[in-house]
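Novice:
There are 2 protein chains.
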Amino acid sequence: MTKSRINSSDLLSGLELMIDSYQGKEQILGVNLNPVIVRLSCEEGCVKVIEMARRLGVTADTVRFYTRIKILKPGKNKTNGYREYSENDYNRLRFVLSARQLGFSVEDIQEILNHADKKKSPCPTVRRLIDQRLNETEQRFAETLQLRERMQQAVVEWSQKPDKVPTGHMICHLIEEFAQ
Amino acid sequence: MTKSRINSSDLLSGLELMIDSYQGKEQILGVNLNPVIVRLSCEEGCVKVIEMARRLGVTADTVRFYTRIKILKPGKNKTNGYREYSENDYNRLRFVLSARQLGFSVEDIQEILNHADKKKSPCPTVRRLIDQRLNETEQRFAETLQLRERMQQAVVEWSQKPDKVPTGHMICHLIEEFAQ
DNA sequence: CTTGACCTGTGTCTTGGACACAGGTGTAAG
DNA sequence: CTTACACCTGTGTCCAAGACACAGGTCAAG
Numbered sequence: 001m002t003k004s005r006i007n008s009s010d011l012l013s014g015l016e017l018m019i020d021s022y023q024g025k026e027q028i029l030g031v032n033l034n035p036v037i038v039r040l041s042c043e044e045g046c047v048k049v050i051e052m053a054r055r056l057g058v059t060a061d062t063v064r065f066y067t068r069i070k071i072l073k074p075g076k077n078k079t080n081g082y083r084e085y086s087e088n089d090y091n092r093l094r095f096v097l098s099a100r101q102l103g104f105s106v107e108d109i110q111e112i113l114n115h116a117d118k119k120k121s122p123c124p125t126v127r128r129l130i131d132q133r134l135n136e137t138e139q140r141f142a143e144t145l146q147l148r149e150r151m152q153q154a155v156v157e158w159s160q161k162p163d164k165v166p167t168g169h170m171i172c173h174l175i176e177e178f179a180q
Numbered sequence: 001m002t003k004s005r006i007n008s009s010d011l012l013s014g015l016e017l018m019i020d021s022y023q024g025k026e027q028i029l030g031v032n033l034n035p036v037i038v039r040l041s042c043e044e045g046c047v048k049v050i051e052m053a054r055r056l057g058v059t060a061d062t063v064r065f066y067t068r069i070k071i072l073k074p075g076k077n078k079t080n081g082y083r084e085y086s087e088n089d090y091n092r093l094r095f096v097l098s099a100r101q102l103g104f105s106v107e108d109i110q111e112i113l114n115h116a117d118k119k120k121s122p123c124p125t126v127r128r129l130i131d132q133r134l135n136e137t138e139q140r141f142a143e144t145l146q147l148r149e150r151m152q153q154a155v156v157e158w159s160q161k162p163d164k165v166p167t168g169h170m171i172c173h174l175i176e177e178f179a180q
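Below is the structure:
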């Protein structure tokens, strides 16, 4: 397959792209990379799990998780079985993290990626899903707000009340007398 | 068996007992309770799971759950193995539901009940735990608030943007261009 | 006798990873 | 060469608070 015959300068630019987007000073080292040696060490996309994780500021377990559920599809080194993450995997993971920041569930993201993988615009799906998730978030927000107020009020009220020993029909008067 | 011969007025007084103890005026009706009849209708506490659930407005599964983790300890009918919930179980479940409303975890509640069961005041534990849980709730609240704002802003921004088809390095421009 | 509603215990599912574990790999130092 | 150590693999389990499923037992009414 031609697929395995990746142009080394492509690979390098892919690498640089990834390194750059991570942070800063690897550029200095990027110059030292010998493309030939890079190709020797791995066929297509050189990045192992821990490196991938580091570049996007997540744990290796997170990368493994997204691999396990097939959102990432790294190649496999034939000789040692190690997974090799490509620039494409990097882009996907970056996308996943952005989407998670916007409240999409992992399942949502799989749906979105399915559309994109078929070259169809995922935007209508994205708009529909964010409406749903926003509703749920508003709901959760309201609940959390109420819970917080209840708790705050309890703390205030309880500060005026003594401790008591439980009786037959009262386990903790603080909690049971806190009517709401 | 005498067991199956449930006197309907007993059932009613059992009901009343539980209902009353919830509201606090059981002493008035307590006069009406005939202990002998109560013992005939069921040995100690007459209530089966679905009835218990209905009275506190939860599902039978919830009652079974708290039974499974031994917060409720119903008796067991020797002949059919059905669980029989007593007034004490009713009080405990009512307490549990109140505590859950105040953000205590089930594990918290077990700790609180352990104190109460040893006749020690659970109040210091309760005060300590609510401080922790309130902190966590404030945290969650802040996070939910931020997520909500992010999502709202995304919806607004996206309403001005067209759908697009994914490219090699862009899966969904809506999500990926939404910088924050 | 059958139907249907109820009961039992047990096991599995939910989210988004985190952690564990057994066993393989790669490399640098002694 | 061996050893140590850091890394890798797949798989399984765990979290919270129930919800749901399932196989099998019970019971009252028709």
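Protein chains in written order, with this note's numbering: chain U, 1 to 180; chain R, 1 to 180. The beta carbon of each residue, even a glycine, is placed where N, CA and C say it ideally should be. Here the structure is a predicted model, which is why all the values come from computation and not from measurement.
1) Which residues of chain U have a Cβ atom closer than 8 Å to the Cβ of residue 116/R, listed in chain order?
2) Does the distance from the CB of residue 110/R to the CB of residue 71/R come in under 8 Å?
3) Just checking my contact of residue 157/R with residue 141/R at CB under 8 Å: how many whole Å lie between their CB atoms?
4) Tell me, please, which residues DSSP counts as bridged to residue 75/R.
5) Going straight from the alpha carbon of residue 172/R to that of residue 130/U, what length do you get?
6) Give the straight-line distance between the Cα atoms of residue 88/R and residue 57/U, rounded to the nearest whole angstrom.
7) When you compare only the Cα positions, how much space is there between residue 99/U and residue 176/R?
8) Give the single residue among 149/R, 76/R, 68/R, 104/R whose Cα lies nearest to the Cα of residue 150/U.
9) Give the secondary structure of residue 155/R by DSSP, where H, G and I count as helix, E and B as strand, and everything else as coil.
10) Nearest-angstrom Cα distance between residue 16/R and residue 55/R?
11) Would you tell me roughly how many angstroms separate the C-alpha atoms of residue 48/U and residue 95/U, rounded to the nearest one?
12) Hey, would you say residue 147/R sits closer than 8 Å to residue 137/U, going by beta carbons?
13) Could you tell me whether the Cβ of residue 130/R comes closer than 8 Å to any Cβ of chain U?
14) Just how far apart, CA to CA, sit residue 101/R and residue 152/R?
15) Taking only beta-carbon positions, decide if residue 119/R is within less than 8 Å of chain U.
16) Mind checking residue 169/R: buried by the 16 CB within 10 Å criterion, or exposed?
17) Sort 123/R, 139/R, 82/R, 174/R by Cα distance to residue 159/U and report the nearest one.
18) Would you list, in chain order, the members of the stretch 69-95 of chain R that have their beta-carbon closer than 9 Å to a beta-carbon of chain U?
19) Residues of chain R with a CB under 7 Å from the CB of residue 163/U: which are they?
20) At the level of alpha carbons, what is the spacing between residue 50/R and residue 120/U?
21) In the DSSP assignment, find the alpha helix (DSSP H) that holds residue 117/U and state where it starts and stops.
22) Is there a Cβ of chain R sitting closer than 8 Å to that of residue 52/U, yes or no?
23) Quick test of your reading: residue 63/R and residue 93/R, contact by CB under 8 Å. State the CB separation rounded to the nearest angstrom.
24) So with Cβ pairs under 8 Å, would you call residue 144/U a contact of chain R?
25) Which runs of the alpha helix (DSSP H), 4 residues or longer, sit entirely within the stretch 123-174 of chain R?
26) In whole angstroms, give me the CA-to-CA distance for residue 68/R and residue 66/U.
Specialist: Looking at the atomic coordinates:
1) Under the 8 Å cutoff, chain U gives 166, 171, 172.
2) Yes, Cβ-Cβ distance for residue 110/R and residue 71/R is below 8 Å.
3) Contact doesn't hold; Cβ gap of about 25 Å is too wide.
4) Partner(s): 84/R.
5) Distance between residue 172/R and residue 130/U, taken at the CA atoms: about 13 Å.
6) Computed Cα separation, rounded: 52 Å.
7) Computed Cα separation, rounded: 8 Å.
8) Checked all of 149/R, 76/R, 68/R, 104/R; the closest Cα to residue 150/U is 104/R.
9) DSSP places residue 155/R in the helix class (H, G or I) of the three-state scheme.
10) Reliability of the predicted coordinates at residue 16/R is poor, the pLDDT of 39 falling under 50, and no value is obtained from them.
11) If I take the Cα positions, the gap works out to 19 Å.
12) A contact, by the Cβ cut-off of 8 Å.
13) Using beta-carbon distances, residue 130/R counts as an interface residue toward chain U, with a partner under 8 Å.
14) For residue 101/R and residue 152/R, the distance between alpha carbons rounds to 29 Å.
15) Yes, residue 119/R lies at the interface with chain U (some Cβ there is under 8 Å from its Cβ).
16) When all chains shown are included, residue 169/R counts as exposed.
17) Selected option, being the one with the closest Cα: 123/R.
18) Residues 87, 88, 91, 92, 94, 95.
19) Neighbours of residue 163/U on chain R, chain order: 121, 123, 124.
20) One C-alpha to the other measures close to 50 Å.
21) Residue 117/U -> alpha helix (DSSP H) spans 106-117.
22) With 8 Å as the cut-off, residue 52/U does not count as an interface residue toward chain R.
23) Going by Cβ atoms, the distance from residue 63/R to residue 93/R rounds to 7 Å, so yes, they are a contact pair.
24) Chain R contact via Cβ: present.
25) Segments of the alpha helix (DSSP H) lying fully in the stretch 123-174 of chain R: 123-158.
26) If you take the alpha carbons of residue 68/R and residue 66/U, they lie about 35 Å apart.
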